[in-house]
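When we follow numbering that gives the first Met the number 0, the leftmost residue of the sequence shown carries the number 0, and every step to the right adds one. Each remark here refers to the structure printed beneath this line.
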Amino acid sequence: MKIIVLGAGAIGSLYGAKLSYYNDVILVGKKGHVNKINKNGLKVTGLENKTYRLKATTKTEGIKGNTLILLTTKVQDSAKAINGIKKIIKKDTIILCLQNGLYSENIVKRIVGKKCLVLRGITNVGAVFLEPGIVQYNGRSYTLIEKSPKSREMAENFRNSGLDCNVSDNIKADLWRKLILNCVLNPISAILRVENRGIADENLNPLKKLIVDECLKVARKDGVIFNIDFVKKINKGIKNSKNLSSMLQDLMKGKKTEIDYLNDAVAKLGKKYGIECPANEIMTMIIKEMENQ
């Protein structure tokens, strides 16, 4: 399979490396990262200690037939990335949006229209961008792909490449499940500046519950109902995680975060449904102030 990874940060680089086992992969990223990869290969540390030899470029010059575009940019960069390839997308191109956020794939769908198939993907894999040419693999976990006639083949390809991947039976529910995790994990870890395991502290449970309860109310109005103790599930899932949340990584680099597509998106959808979300609004306000600083 021909694969273009659009947005070779931590997650994009890691997926590109793993998928390069059995596929023709091209990473599209920033100049410094691209130059290091082309010169020395992509080094993956942490759970692995390997150097992958694969192609990297700063710009997509062309798209061959039957190419999978793996979109791993930050959601706020999606429009720029997709507009840059819109004219060269083919009918048999597939764009898999492996990103955070509430319905973030709709940004891509609005741009490409019916020109090609756009699918939502969900990942819970943990990775940190250490420096150009080097990413740290911190957490093995699942990847889910929205149902389509092509999804089963894609999932099998991912599994053959060492990624735990399946086709989602209900992408909307899976999207909300990951969103709720992100609405808790990302802002709290970023505000406290701790590894993910740092917010497994039960003293933070009241705050986590406030955020979760608001998310659950909005999700229910949006047609998704859960019977899960999310706070317990989150604490158990991250208690040993040394990974840094993407939001904390962004703030450490002085970059804009994805808060608009996480807590802020929940609060705005809640407002549409007549549901107040003060906890999510406060998380948004604090992170935006940290961005400004």
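We put the CB at the ideal spot given by N, CA and C, even for glycine. This one's a predicted model, so the numbers in the text were calculated from it and none came from an experiment.
Exercise for the section: Can you give me the start and stop residues for the alpha helix (DSSP H) that residue 7 sits inside? Expected result: Note, residue 7: premise wrong, no alpha helix (DSSP H); not H, not E.
Exercise for the section: Pull up the CB-CB distance for residue 35 and residue 43, whole angstroms please, since I reckon it's below 8 Å. Expected result: About 13 Å separates the two Cβ atoms, so there is no contact after all.
Practice task
Counting only runs of 3+ residues fully inside the segment 97 to 176, write out the beta strand (DSSP E) ranges in chain order.
Solution key: 116 to 122, 125 to 130, 133 to 138, 141 to 144 and 163 to 166
Problem - Straight-line gap, residue 6 to residue 89 (C-alpha atoms, nearest Å) - result: 20 Å
Exercise for the section: Out of 22, 206 and 120, point me to the one whose CA is closest to residue 191's CA. Expected result: 206
Problem - Touch test, the segment 266 to 282 against the segment 167 to 180, Cβ-Cβ under 8 Å, three pairs minimum - result: no
Exercise for the section: Under 7 Å Cβ to Cβ from residue 64, same chain only, skipping five residues before and after it: list those, please. Expected result: 89 and 91
Problem - Beta-bridge partners of residue 61, as assigned by DSSP - result: None; residue 61 has no bridge partner.
Problem - Under 9 Å between C-beta atoms of residue 137 and residue 240 - result: yes
Practice task
Have a look at residue 259 and residue 284 and give me their C-alpha separation to the nearest angstrom.
Solution key: 10 Å
Exercise for the section: Return the chain-ordered list of same chain residues with a C-beta closer than 6 Å to the C-beta of residue 22, the five sequence neighbours on each side being excluded. Expected result: 0 and 2
Problem - Environment of residue 85 [buried if 16+ CB atoms lie within 10 Å] - result: exposed
Exercise for the section: Could you name the residues of the same chain whose beta carbon sits closer than 7 Å to that of residue 164, not counting the 5 residues immediately before and after it, in chain order? Expected result: 142, 144, 154, 157 and 158
Practice task
Write down the C-beta distance between residue 53 and residue 27 rounded to the nearest angstrom, noting that I regard them as a contact closer than 8 Å.
Solution key: That belief does not hold up - the Cβ atoms of residue 53 and residue 27 are roughly 12 Å apart, past 8 Å.
Practice task
Compute the Euclidean distance between the alpha carbons of residue 276 and residue 290, then round it to the nearest angstrom.
Solution key: 21 Å
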